[in-house]
Amino acid sequence: MPGQHAFHDRVPAVPDRDPTAALSDALDRLRLQGAIFLRGEYSESWAYESMTSRETAAVLAPGAERVVLFHVVSSGRCWVETDDGDRRWADPGDVIVLPYGDRHRMGGVADAELVSMRSLLTPPPWREMPVIRYGAGGAHTDVVCGYLTSDDPLFDPRMRALPPVFVVSPPPGPAREWVRASIDYALQRTTRVSADRIAAPPQLVQPLVTEVLKLHLQSAQEVSQGWIRGLHDPVVAPAMALIHQQPERKWTVAALAAAGHVSASGLDERFRSVLGVPPIRYLTGWRMHVARDLLSGTRLSLYAVARRVGYDSEEAFSRAFKRAHGVAPGAWRVAAG
104 MPGQHAFHDR
114 VPAVPDRDPT
124 AALSDALDRL
134 RLQGAIFLRG
144 EYSESWAYES
154 MTSRETAAVL
164 APGAERVVLF
174 HVVSSGRCWV
184 ETDDGDRRWA
194 DPGDVIVLPY
204 GDRHRMGGVA
214 DAELVSMRSL
224 LTPPPWREMP
234 VIRYGAGGAH
244 TDVVCGYLTS
254 DDPLFDPRMR
264 ALPPVFVVSP
274 PPGPAREWVR
284 ASIDYALQRT
294 TRVSADRIAA
304 PPQLVQPLVT
314 EVLKLHLQSA
324 QEVSQGWIRG
334 LHDPVVAPAM
344 ALIHQQPERK
354 WTVAALAAAG
364 HVSASGLDER
374 FRSVLGVPPI
384 RYLTGWRMHV
394 ARDLLSGTRL
404 SLYAVARRVG
414 YDSEEAFSRA
424 FKRAHGVAPG
434 AWRVAAG
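FYI, the numbering for the sequence shown is 104 to 440, going by our numbering.
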C-alpha cells in the first residue's frame, strides 16, 4: 500500500531495545573519568563512616559536585549502609556501588564502634596509592576503592533511577573472573598522574563500572521511576532508542509513537509518567547532551555540531544550547578546554 511504503520511508526500524546497550551508550556520552584511589586492609572488628558526598568530591576530584564511588571486595565479608538504614552485605568478588557518592558506613562481621574515614585517610597529595590498615587484628577483609566523575549536568537524571547504594554479585564464571582480572590489571597500571593524584587509566576503570551497572540492571528486581525504567518500558524504550540513535532527525511525537506502534497521546502520557518529561523535551535534552560531547571532544564547527543534533542553523542551535545551559556553545567549548 502506498501509505505503508511512505510510513517505512519516514520511520526507521526500531533499533535494539536491550537496555544495557542504551546504558552503555549513555555512559559513553557522559564521558565519565575514573580512578582507583585506595586499598583498604581491614581486620575484625572494624567499621567506619565516610565523608559526605561533597566532602568526598572535594578530596578526590576538586571542582566536581559529586563522585560515583565503588568498592570491590577482594577478600572477607563486609556490610554497607547509607542514611536509609538498610544494611547490605558483600562477599569476595562483589562490587558495592554508591551512584551519588552518598555518605555511608561500612564494617565487618563483628560489631565495632564507627570511626571517621577522614581520621583514617591521609589527605592528598599522595605519592603512591593510599593503603588503609585498620581494625583489631582479627579476620581480614580487603577492599579496593575507586570513583568516577562527570561534569555533565545530565548526570543526575541518568543515575537517579538507581538506589543510593547497591551490591552487584557477578555470576560465577567469566563475568566474575573478568571483574577480578580488571581490578588486578588496573591496580598494576595505577600511577601518579599529577602532583596530587594517583590514578589508573580511565579506559580501564570506566568499562569495569559500565559492566557492573549492566549486571545490576539485568538483575534488579524492581526499577523505580526514571531514566533506567524508561529503558525497560515497552512503550518508552523504542522511542528512547530512536532518539539516542538518531538525534539529528526531525522527530515528532507522532513519528516516535508510530515506531513503537502506539498513539501519540499514549506515548506522551507514558513519557511523562515514566521520565517526568514529554517526548520532545527529552529529545531536546538528549540533543544538548550529544552537543556537549561533540563540543568538548571534536573540532567540528558550531554549524556542523548543530546539524548533528537536528538544527538547520547555528543561530537556532546556539539559542537552544544557551537556554539549556546558560552559556553559548562557543563559550562552553572554550571552558571545556
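Quick reminder that beta carbons are idealized off the backbone N, C-alpha and C, glycines included.
Under the three-state DSSP convention, the category D371 falls into | helix
For L251, write down the residues that DSSP places opposite it in a beta bridge.
-> G137, V171
Just mark G166 as buried or exposed, buried being the case when its beta carbon has 16 or more other beta carbons within 10 Å.
-> exposed
Please name the residue or residues paired with E144 in a DSSP beta bridge.
-> R236, D245
Taking Q309 as the reference, give the member of T252, G276, P277 with the closest Cα.
-> T252
Test: P165 CB closer than 9 Å to a CB of chain B | Of the protein chains in this structure there is only one, and it is not chain B.
If we count the other Cβ atoms within 10 Å of its Cβ and call it buried at 16 or more, is S297 buried or exposed?
-> With a pLDDT of 49 at S297, under the threshold of 50, the modelled position of that residue is not reliable, and the figure given next carries that caveat. By the 10 Å Cβ count, S297 comes out exposed.
Report the three-state DSSP secondary structure of A150 (helix, strand or coil).
-> strand
V412: first and last residue of the uninterrupted alpha helix (DSSP H) it sits in = Run containing V412: none; DSSP gives neither H nor E here.
Beta carbon of V176 nearer than 9 Å to that of D189 = no
T313 versus R283: straight-line alpha-carbon distance, rounded = 15 Å
Assigned secondary structure, E158 (DSSP; H/G/I helix, E/B strand, else coil) | helix
At least three beta-carbon pairs within less than 8 Å, the segment 409-423 to the segment 370-382 | no
Nearest to Q348 by CA position, among E152, V170, V393, L163, is which residue?
-> V393
Are there 16 or more other CB atoms within 10 angstroms of the CB of G238, so buried, or fewer, so exposed?
-> buried
DSSP state of A342, grouped into three classes?
-> helix
Please work out which residues of its chain come closer than 7 Å, Cβ to Cβ, to S156, disregarding the five sequence neighbours upstream and downstream, and give them in chain order.
-> R169, Y203, G204, D205, R206
Can Y151 and G241 be called in contact, C-beta distance under 9 Å?
-> no
Identify whether E280 lies in helix, strand or coil by the three-state DSSP scheme.
-> helix
State the start and end residues of the unbroken alpha helix (DSSP H) segment that holds E417.
-> 417-428
Got a sec? Which residues, its chain only, sit under 8 Å from D336 by beta carbon, not counting five neighbours each side?
-> R373, V377
What number of angstroms, rounded off, separates the C-alpha of I346 from the C-alpha of S399?
-> 21 Å
Ordered along the chain, which non-local residues of its own chain (more than five positions away) have a Cβ less than 6 Å from that of A431?
-> S421, K425
Three-way DSSP call (helix, strand, coil) for G166 in this model = coil
Beta-carbon separation of V315 and F140 under 9 Å?
-> no
Chain-order list of residues whose beta-carbon lies under 6 Å from that of L265 (same chain, five-residue window excluded) | P202
Looking at the structure shown, is R390 part of a helix, part of a strand, or coil, going by DSSP?
-> helix
Using CA coordinates, which residue listed in G249, T159, G137 is at the minimum distance from I199?
-> G249
Contact set for M104: own chain, Cβ-Cβ below 8 Å, skip 5 residues either direction | Because M104 carries a pLDDT of 43, less than 50, the predicted location of this residue cannot be relied on, and the following value inherits that uncertainty. Excluding sequence neighbours, M104 sits near nothing in its chain.
Would you decide whether F258 is buried or exposed? Buried here means 16 or more other CB atoms lie within 10 Å of its CB.
-> Note that F258 scores 46 on pLDDT, short of 50, meaning its location in the model is unreliable; the coordinates nonetheless yield the value given after this. Label assigned to F258: buried.
Quick one: is the Cβ of K317 within less than 8 Å of any heavy atom of the ligand MG?
-> As far as ligands go, the structure on display features none, and thus does not contain the ligand MG.
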